Amino acid sequence: GAGVSQTPSNKVTEKGKYVELRCDPISGHTALYWYRQSLGQGPEFLIYFQGTGAADDSGLPNDRFFAVRPEGSVSTLKIQRTERGDSAVYLCASSLGLADAVQFGPGTRLTVL
Amino acid sequence: LAKTTQPISMDSYEGQEVNITCSHNNIATNDYITWYQQFPSQGPRFIIQGYKTKVTNEVASLFIPADRKSSTLSLPRVSLSDTAVYYCLVGSRTSMDTGRRALTFGSGTRLQVQP
Chain A
150 GAGVSQTPSN KVTEKGKYVE LRCDPISGHT ALYWYRQSLG QGPEFLIYFQ
200 GTGAADDSGL PNDRFFAVRP EGSVSTLKIQ RTERGDSAVY LCASSLGLAD
250 AVQFGPGTRL TVL
Chain B
402 LAKTTQPISM DSYEGQEVNI TCSHNNIATN DYITWYQQFP SQGPRFIIQG
452 YKTKVTNEVA SLFIPADRKS STLSLPRVSL SDTAVYYCLV GSRTSMDTGR
502 RALTFGSGTR LQVQP
């Protein structure tokens, strides 16, 4: 596709469960970002990849959150032992490089019951 | 990270020009100013980016005074479809900087366009 895609679009899980959220960036984009957004707030930075490596993971709230990008394209955000406070829209974005305009995907709405 | 301050909300009518001002008093020399638009249930969409003076594209204009401590996003002749949240971001584009510095969002300005 032409834009960043994210799957699933919605995910409902129970407290304590493990979830994976997938991001397919725009083809050729080397930079990939994960954000999360709570209702009424701006997006909050989580982690940034340049290629396969996490260049900055300072936004990950704790060690229950982990993200990978093994081949420098698709990325997966993994959340262990989910908590109700993890409920949010998780946004993925990509850009050709750090200096280029960042394009966002539609997000995955995660609800932890 | 340079902090930005924007009005929480603004109201306008169709056909009017809308100017949203963002304050960024501690902007750094290498920082650029970027504006994003976000509709409900969608990811933010890049609108415009600038460093100084004026930048114009097919969607908007961005005015940046000489001291760069503020910037104004100008939307000409808004329509109902311009109702959205607008975010002002300040960050460096250099390859030395991290993703966090490149894109730190505030709470944005909620623009409501009335018929």
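If you're matching them up, the sequences are chains A and B in order.
For the first sequence, our numbering gives the first residue as 150, with consecutive numbering after it.
For the second sequence, our numbering gives the first residue as 402, with consecutive numbering after it.
Note that CB positions come from ideal geometry on N, CA and C, so glycine has one too.
In this text the structure is predicted, and so the values were computed from the model without any measurement.
- At a C-beta separation below 9 angstroms, phenylalanine 440 (chain B) has no neighbours in chain A, since its nearest C-beta there lies roughly 10 angstroms away.
- In the three-state DSSP reduction, serine 482 (chain B) falls in the helix class (H, G or I).
- Interface annotation, proline 174 (chain A): not in contact with chain B, CB-CB separation never under 8 angstroms.
- If you look at lysine 164 (chain A), you'll find it isn't in any beta strand (DSSP E); DSSP assigns it neither H nor E.
- For the set B:Asn431, B:Thr510, B:Val514 and B:Gln515, the Cα lying nearest the Cα of glutamine 438 (chain B) is the one of B:Thr510.
- A Cβ-Cβ separation of about 6 angstroms places glycine 256 (chain A) in contact with glycine 444 (chain B) under the 8 angstroms criterion.
- Taking the Cα positions, leucine 481 (chain B) is about 16 angstroms away from serine 475 (chain B).
- Secondary structure of arginine 233 (chain A) (DSSP, three-state): helix.
- Taking a cut-off of 8 angstroms on C-beta distances, the segment 462-474 of chain B does not touch the segment 150-159 of chain A, as fewer than three cross pairs fall below it.
- The way I'd put it, the segment 180-187 of chain A does touch the segment 197-212 of chain A; three or more beta-carbon pairs between them come closer than 8 angstroms.
- Counting along the chain, lysine 404 (chain B) sits inside no beta strand (DSSP E), nor does DSSP assign it H or E at all.
- Below 8 angstroms, too few C-beta pairs join the segment 404-413 of chain B and the segment 163-170 of chain A to call them touching: fewer than three.
- Close CB contacts of leucine 247 (chain A) within its chain, under the 6 angstroms cut and outside five residues either way in sequence, are with Ala180 (chain order).
- Partner residues in the beta bridge of glutamate 169 (chain A), as assigned by DSSP, are A:Lys227.
- Selection A:Ser176, A:Leu262, A:Gly189 and A:Arg258 evaluated against arginine 230 (chain A) yields A:Leu262 as nearest (Cα-Cα).
- Between phenylalanine 464 (chain B) and lysine 455 (chain B), the gap from beta carbon to beta carbon is short of 8 angstroms.
- Of all residues in the segment 448-472 of chain B, only Gln450 place a beta-carbon less than 8 angstroms from a beta-carbon of chain A.
- The beta-carbon of leucine 209 (chain A) is placed no less than 8 angstroms from the nearest beta-carbon of chain B.
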